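Numbering (full-length UniProt numbering), first residue to last: 1 to 331. Everything on this sheet refers to the single structure shown next.
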């Protein structure tokens, strides 16, 4: 059991953030076997063949994300690959800039990482960190960018909920239902841990809370220098992340966009190619392409190259418009 002691200044400095880079790391864990319950199976089934078809050498990234296992050290992740974010919603580019500039003295870990990979990093830190960042960018474009609006909506929803609980009842109310392994009592946050025991002081730095879609069912803590003390936890309703109800075109959306464009936008519950959308909607590939161009120009759809294919996905604006048009949505 870890006991995280809060002084009044720590409570005042507790904040939330979202980390695209951390989602990269935890999604790799899922692909390497950390999802025994199958929560992210539909995502993994789409992404694995896409990564294989791209033919990328992902080893600089995958080597640094240990295979989950029974050993308490097997699930650890090197801190230098995903330092806690310094702003509430950093872009991936901003987080990768931090990785590229990582001081060589911080390139250390107790995680089970191939020694050859660590030796390469220590031998030429600038070149290897730049290579790692480039690999992460390529992985992001294929595996996470098409799904990011959906993931971001989930994470932001949890932060709004937590912020409301903090305002309504203070720190105790905030942590009450954060996770079964987390408990608040008399100014101390108790965190169940398999290997680490004892008290930890925040020393006026506060605690950074980072909801994470791919971290479930675990909670990850960062309590060692020089990083910001952090807790990475599963958000509420994470089990609904990949739930895709049968696509029905809302009349209100069709009235604004036209039935064909509304149908395409509604069908994009998961990234899809022009050919796939044509098959599902009954429209011609040429017609689908024209409608996608219009939707992209309006900022409702984005395009992501995956090998020889181009996948289309809803943007955050597209997600918002589609959800707002659903029957029963609040006005």
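From the three backbone atoms N, C-alpha and C, an ideal C-beta is built for every residue, glycine too. Remember, it's a predicted structure, so these values are computed and weren't measured experimentally.
Under the three-state DSSP convention, the category residue 306 falls into:
Here residue 306 refers to the residue found at position 306 when the chain shown is read from its first residue. Reduced to three states, the DSSP call for residue 306 is strand.
So what does residue 211 bridge to, in DSSP terms?
Translated into positions along the chain shown, residue 211 becomes position 211. According to DSSP, residue pairing for residue 211 in a beta bridge involves 233.
Identify the continuous beta strand (DSSP E) that holds residue 18 and give its terminal residues.
Counting from 1 along the chain shown, the entry for residue 18 is found at position 18. Bounds of any beta strand (DSSP E) do not take in residue 18, whose DSSP letter is neither H nor E.
Quick one: residues in its chain with C-beta nearer than 6 Å to the C-beta of residue 82, no 5 flanking neighbours on either side, listed in chain order?
Counted from its first residue, the chain shown places residue 82 at position 82. These residues qualify, in order along the chain: 21, 22 and 25.
Using the Cβ count rule (16 or more neighbours within 10 Å means buried), how would you classify residue 266?
Within the chain shown, the letter at position 266 stands for residue 266. So residue 266 ends up on the buried side.
Check whether the segment 43-57 and the segment 303-316 are in contact - that is, three or more C-beta pairs closer than 8 Å.
yes
Put residue 111 into one of helix, strand or coil per three-state DSSP.
Residue mapping note: residue 111 aligns to position 111 of the chain shown, counting from 1. Here residue 111 sits in coil by DSSP.
So does the segment 185-197 actually touch the segment 216-231, counting three or more Cβ pairs closer than 8 Å?
Taking 8 Å as the limit for Cβ pairs, the verdict is that the segment 216-231 does touch the segment 185-197.
CA-CA distance, residue 252 and residue 298?
Mapped onto the chain shown, residue 252 falls at position 252. Mapped onto the chain shown, residue 298 falls at position 298. Rounded to whole angstroms, residue 252 to residue 298 spans 17 Å at the Cα level.
Just list the alpha helix (DSSP H) runs in the UniProt domain "HTH crp-type" (264-313), keeping only unbroken ones of 4 residues or longer that don't cross its boundaries, in chain order.
274-281 and 285-297
Please state the DSSP three-state secondary structure of residue 74.
Here residue 74 corresponds to residue number 74 of the chain shown, with the count starting at 1. In this prediction, residue 74 scores a pLDDT of 48, lower than 50, which makes its location untrustworthy; no coordinate-derived value is stated.
Out of 147, 257 and 94, point me to the one whose CA is closest to residue 27's CA.
The sequence position of residue 27 within the chain shown is 27, counting from 1. Ranking the options by Cα distance to residue 27, first place goes to 147.
Pull the bridge partners of residue 91 from the DSSP assignment, please.
What you label residue 91 is simply residue 91 of the chain shown in a count that begins at 1. None, per the DSSP bridge assignment.
Helix, strand or coil at residue 10 [DSSP, three-state]
Your numbering for residue 10 matches position 10 in the chain shown. Reduced to three states, the DSSP call for residue 10 is helix.
Between 227, 153, 289 and 2, which lies nearest to residue 236 when the distance is taken from Cα to Cα?
The residue labelled residue 236 in the question sits at position 236 within the chain shown. Residue 153 is the option with its Cα nearest to residue 236.
Among all the DSSP beta bridges, which residues are the ones paired with residue 200?
Against the chain shown, residue 200 aligns to sequence position 200. Answer is 4.
To the nearest angstrom, how far is it from the Cα of residue 240 to the Cα of residue 118?
Counting from one through the chain shown, the residue named residue 240 turns up at place 240. Counting from one through the chain shown, the residue named residue 118 turns up at place 118. Looking at the two C-alpha atoms, the distance is approximately 38 Å.
Apart from the five residues just before and just after residue 64, which ones in its own chain have a Cβ nearer than 7 Å to its Cβ?
The residue given as residue 64 occupies position 64 in the chain shown. 78, 81, 113 and 117, listed in sequence order.
Collapsed DSSP secondary structure at residue 190 in the structure displayed:
Taking the chain shown and counting its residues from 1, the one referred to as residue 190 is at position 190. Reduced to three states, the DSSP call for residue 190 is strand.
Comparing alpha-carbon positions, which option in 67, 36 and 131 lies nearest residue 60?
For this step, residue 60 is matched to residue 60 along the chain shown. The shortest Cα separation from residue 60 among 67, 36 and 131 belongs to 131.
Is it a yes or a no for the segment 200-216 touching the segment 27-46, going by three-plus beta-carbon pairs under 8 Å?
yes
Cβ-Cβ distance between residue 204 and residue 7 below 8 Å:
Numbered from its first residue, the chain shown carries residue 204 at position 204. Numbered from its first residue, the chain shown carries residue 7 at position 7. Yes, Cβ-Cβ distance for residue 204 and residue 7 is below 8 Å.
What separation, rounded to the nearest whole angstrom, lies between the Cα atoms of residue 272 and residue 151?
Numbered from 1 along the chain shown, position 272 holds the residue referred to as residue 272. Numbered from 1 along the chain shown, position 151 holds the residue referred to as residue 151. In a straight line, the C-alpha of residue 272 is about 17 Å away from that of residue 151.
Bridge partner(s) assigned by DSSP for residue 220
On the chain shown, residue 220 is found 220 positions in, with the first residue counted as 1. Per DSSP, 232.
For residue 324, which of 274, 256 and 121 has the nearest alpha-carbon?
As a first step, residue 324 must be located in the chain shown, where it is residue number 324. Considering only alpha carbons, the answer is 256.
Taking the alpha-carbon positions, what's the residue 134 to residue 95 distance?
Taking the first residue of the chain shown as 1, we reach residue 134 at position 134. Taking the first residue of the chain shown as 1, we reach residue 95 at position 95. Near 12 Å, if we compare the C-alpha coordinates of residue 95 and residue 134.
According to DSSP, simplified to helix, strand and coil, what is residue 47?
Numbered from 1 along the chain shown, position 47 holds the residue referred to as residue 47. In the structure shown, residue 47 sits in a helix (DSSP, three-state: H, G or I).
Starting from the C-beta of residue 91, find all residues in its chain whose C-beta is less than 8 Å away, skip the five residues before and the five after it, and write them out in chain order.
Counting from 1 along the chain shown, the entry for residue 91 is found at position 91. Around residue 91: 20.
Starting from residue 184 and walking both ways along the beta strand (DSSP E), at which residues does that stretch end?
Counting from 1 along the chain shown, the entry for residue 184 is found at position 184. Taken as a continuous stretch (DSSP letters only), the beta strand (DSSP E) holding residue 184 covers 182-185.
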